[in-house]
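In the working numbering, the protein residues as written are 947 to 1194.
This report concerns only the one structure given below.
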Amino acid sequence: MSGRPAFDPYTPLMVLKPFADDIWTMDGPEIRMNWLGLKIPFTTRMTLVRLPDGGIWVHSPTGQDGMVMDAVESLGPVRHLVAPNSIHYWWLPQWHARFPDARVHGVAGLSQKAKRHLPPLEVLRATAPTGWAGTIDQVIVPGDVVTEADFFHRPSRTLILTDLIENFEPQRIRSRVLRFLMRLTGAVDPDGQAPIDLRATFWRHRASVRAAVEQMIEWEPDHIILAHGRCYDKDGVGELRRSFRWVL
């Protein structure tokens, strides 16, 4: 891939965008991930939730810009930094350095898998910790390569996913080659899913994945926030049934 941006960005970048009551998203810089010797570009998105005590819950903290951290802190004191899977963790050290009193949460095994030193992590389990229990529910989706924690904000009926659905919009992908590759993976709008190579890594765990998806459906979300691509602002249950038909 060239150094030219691969996507038309979700501008403005690094700006708080209200999504629902007490929820904001922030679209971050394009990053590039190693895949079969290629540098595959991805858009990035951070999600912020204001908890009933006024504290801020930060999902997949993005970037290390001080002005971004100032903007997040303007919402309230940062109390929780969440690495939702074994890929989305890179900026945790910078965020923890800025907010040393925040609790840092990650999936099991992340400290051992991470390619950089991370602050001590509280392991995410199937039951929400005291910091957000009753406001945000969660479920763990285990996999051979990626284990992901997914979250449901009860007051706004918003599901927050990371890589289990990717929904890249073809019209935002500038390269025909990349657009073709993304279509092959099955991770493009309007039929976004987990990329086919990622789906394969969950094969041995499909019973657990199915149970997790059934829990998400039982929550009956109205909205779904995604880390990559277009989010869903309606019919959350229908989108879940469509996107996870490979395991249901």
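All residues carry an ideal CB built from backbone N, CA and C; glycine is no exception.
These numbers come from a predicted model, not from an experiment.
- Secondary structure at F988: strand, using DSSP grouped into helix, strand and coil.
- Taking C-beta separations shorter than 7 Å and ignoring five residues to either side along the sequence, the partners of S1057 in its chain run L1064 and L1067, following chain order.
- The straight-line gap separating the alpha-carbon atoms of I1033 and G1052 is approximately 10 Å.
- By the C-beta criterion, the segment 1163-1183 is judged to be in contact with the segment 1109-1122, since at least 3 inter-stretch pairs fall below 8 Å.
- By the 16-neighbour rule on beta-carbons within 10 angstroms, L1027 is buried.
- Relative to the Cα of E1160, the nearest Cα in the group L1194, M992 and L1110 belongs to L1194.
- A1095 is positioned such that its CB atom lies closer than 9 Å to that of N1031.
- Here M1128 is buried: its Cβ has 16 or more other Cβ atoms, across all protein chains shown, within 10 Å.
- Here DSSP, grouped into helix, strand and coil, assigns M972 to strand.
- In the structure shown, T1147 adopts coil according to DSSP, grouped into three states.
- The continuous alpha helix (DSSP H) containing V1018 extends over residues G1012 to E1019.
- In the structure shown, T1104 adopts extended strand secondary structure according to DSSP, grouped into three states.
- When DSSP reads this structure, M1128 sits in no beta bridge, so it has no partner.
- The segment 1147-1164 makes contact with the segment 1070-1090, as at least three CB pairs between them are under 8 Å.
- The Cβ atoms of W1036 and R1062 lie closer than 9 Å to each other.
- The residue among A1029, R978, D1168 and R1152 with its C-alpha nearest the C-alpha of V1050 is A1029.
- The residue from R1156, I1119 and I1082 with its alpha-carbon nearest to that of R1103 is I1082.
- T1008 and Q1084 have their C-alpha atoms roughly 21 Å apart.
- A direct Cα-to-Cα measurement between L1110 and G1182 gives close to 14 Å.
- Judged by their CB atoms, A1017 and M979 are not nearer to each other than the 9 Å cut-off.
- Its chain contains R1145 as the residues whose beta carbon lies nearer than 6 Å to that of W1192, once the 5 sequence neighbours on both sides are disregarded; these appear in chain order.
- Bounds of the alpha helix (DSSP H) holding K1059 are L1056 to K1059.
- With contacts defined by Cβ atoms closer than 9 Å, I1002 and E1019 form a contacting pair.
- In this structure, DSSP gives E1185 a helical state, which the three-state scheme calls helix.
- Per DSSP, the unbroken alpha helix (DSSP H) holding H1042 starts and ends at L1038 to R1044.
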